[in-house]
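Residue numbers (the numbering used here): 35 to 495. Here is the structure we will look at.
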C-alpha cells in the first residue's frame, strides 16, 4: 500500500550502469522553459508513460528503478517519440542524474533512495531546441528504517611532516554505505566536516562527489591533537553517522606575534612602570590564543645592555601585564620566555626611549601673619623641589600659581603667578580681605610631575 511522507532526506549514490551525473541547463531550477523568440512556437512535449518501482522499500535496499516515455506533439496534433533527449532526476534530490531516451523516446534508470520522497523526472529544453520543457507525474516513494544503514569513511591528510598554520594541506577521503546485499557503495552529495579533535571547531567542509570521494587542498587552520572527518545524520535519515581519523597528521607550527602592547609615555623616579599586552597565534582567523607561554620584561639605559626586571605567564585570554620599578630613563623590551616547541617565537617588542619625570613637592608652605587685620598684608611663601637619585633638591625657574579659597566655599581662585628662584623659593604678597586658605600649584612639564602644595589657613579680623 502506498504511503507518503513529506520528508527531505539524504540520498545515496547512483551505481546502475549507464547513468551519469547530469549537467543541468540554466532552466533546471526554474519554471522558465528557456528563451523563446517573439514569433517562435514551441512544440508540446509530454510524458506518456512513467512508473517508479517499488514505491515502498527498506532503506537498507534503497534501490528504485524508473522508466517511461516522452513524446512531442507536432502542429497537426500527432505524437512522435522524442529521441536523444536528456531526462533528469528531481532537482530537490541530490545528486541530479540523467539518462538519454532511445529512438522510441523511452528511458530507464535506477536510483538509490535513503529517505521517503516524491520522485519525478524532467525534460529541460536546451537552448534553441524546438521542444518545450516537461515534467513527469510525481510518485511518492516510502522508505522505511531510520539511522540503521551502515556507513564508513576513510580520511587522510598530507603532508604529515612540519607545516605552519595557514599553509596548504591536502585532505581527502571517501564516504560509503552498505547495502543489504553486503556490498559497499559510494555515498555522493553528502556534507563532510573536518573538526579539530573530537567535536572541536570546524576547520574544513566538503561535499562528496559521485564516487563518494571528498577533499581538496586548503589552509590548515589549527594545530590539533587529532583531526576528525565526520558525516553527521541529523536524525531523519536512514544512514548512520560516520567518523574517521587520519592515520598520520601534520605537525603544525604556529607563528606568534605581540598585540595590544602599550608602553608608558614616561616613568617616574621612585615609581614603577607597567605594560600590558597579548601574544597571539595565527590559527583560525589569525588571532588565536597562545598557551603555556611566558614573557620577560627587560630594561636598558643605552639599548645595548639589558637587565631582566620581570616575567609573567600568559593568562587564559593570552594576555599579560609586566611591572617593575623605574630606575631611570631608558628603553624597555619584552621577549618570549618558555613556550612549547611548536610555537614560533614572536621575537621582541621594543619600546621607544621612555623619559623619566621627576616627582615634585612644595615644602615650607606658609601664609603669614596669622591672624591678620583686614586690609593688612599677607605674605605667601613656599619652596618647590624635585627628586634626584639621592633625595630632593631645589627646582628653580619654574612658573607656579598661588591660589586662594575663601572660608565656606569650594572654589579655588588664581591670585597670582610667580617664578621660583635659584633655591626653588617663591614669595608673593597680598592684601588681606577675608578668611581663607592659601596654596600654590605647579603644573608640571615633560621632565617634572605636577604638584599641588598643602593649604595654609589665615584668619582675617
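Glycine included, every Cβ here is placed at the ideal spot set by N, Cα and C. What you are looking at is a predicted structure, and each value in this text was computed from that prediction instead of being measured.
Element boundaries [beta strand (DSSP E), containing residue i]
i: residue 434; result: 433-440
i: residue 218; result: 218-220
i: residue 212; result: 202-212
i: residue 174; result: 173-178
i: residue 460; result: 459-465
i: residue 224; result: Residue 224 -> no beta strand (DSSP E), and no H or E assigned at all.
i: residue 446; result: Looking at the DSSP string, residue 446 is not in any beta strand (DSSP E), and its letter there is neither H nor E.
Euclidean distance between Cα positions of residue i and residue j
i: residue 485; j: residue 420; result: 10 Å
i: residue 454; j: residue 293; result: 45 Å
i: residue 150; j: residue 354; result: 57 Å
i: residue 156; j: residue 215; result: 31 Å
i: residue 443; j: residue 385; result: 46 Å
i: residue 403; j: residue 303; result: 36 Å
i: residue 284; j: residue 479; result: 57 Å
i: residue 490; j: residue 409; result: 19 Å
i: residue 381; j: residue 255; result: 22 Å
i: residue 204; j: residue 351; result: 31 Å
i: residue 77; j: residue 169; result: 14 Å
Simplified DSSP state of residue i, which is helix, strand or coil
i: residue 70; result: With a pLDDT of 40 at residue 70, under the threshold of 50, the modelled position of that residue is not reliable, and the figure given next carries that caveat. Of the three classes helix, strand and coil, the one that applies to residue 70 here is coil, per DSSP.
i: residue 481; result: coil
i: residue 283; result: coil
i: residue 230; result: strand
i: residue 246; result: coil
i: residue 404; result: coil
i: residue 492; result: strand
i: residue 114; result: strand
i: residue 317; result: coil
i: residue 390; result: strand
i: residue 476; result: strand
i: residue 486; result: strand
i: residue 252; result: strand
i: residue 266; result: coil
Selected residue, minimal CA-CA separation from residue i, among the options
i: residue 375; options: 324, 176 and 224; result: 324
i: residue 152; options: 146, 127, 164 and 161; result: 127
i: residue 356; options: 377, 383, 456 and 337; result: 383
i: residue 107; options: 229, 140, 166 and 120; result: 166
i: residue 159; options: 116, 236 and 144; result: 116
i: residue 178; options: 184, 90, 207 and 118; result: 90
i: residue 265; options: 349, 189 and 146; result: 189
i: residue 164; options: 123, 95 and 75; result: 75
i: residue 83; options: 112, 431, 440 and 138; result: 138
i: residue 309; options: 145, 367 and 271; result: 367
i: residue 347; options: 271, 328 and 340; result: 328
i: residue 373; options: 431, 313 and 365; result: 313
i: residue 257; options: 123, 208, 487 and 377; result: 377
Presumed contact (8 Å Cβ cut-off) between residue i and residue j, rounded CB distance
i: residue 496; j: residue 133; result: Beyond the ends of the chain as shown, which are 35 and 495, falls residue 496; an answer cannot be given.
i: residue 497; j: residue 398; result: It is not possible to answer for residue 497, since the shown part of the chain is limited to 35 through 495.
i: residue 306; j: residue 363; result: Their Cβ separation, rounded to whole angstroms, is 15 Å, which puts residue 306 and residue 363 out of contact at 8 Å.
i: residue 477; j: residue 438; result: With a Cβ gap of about 17 Å, residue 477 and residue 438 do not count as contacting.
i: residue 369; j: residue 332; result: 7 Å
i: residue 96; j: residue 147; result: 6 Å
i: residue 222; j: residue 252; result: Their Cβ separation, rounded to whole angstroms, is 21 Å, which puts residue 222 and residue 252 out of contact at 8 Å.
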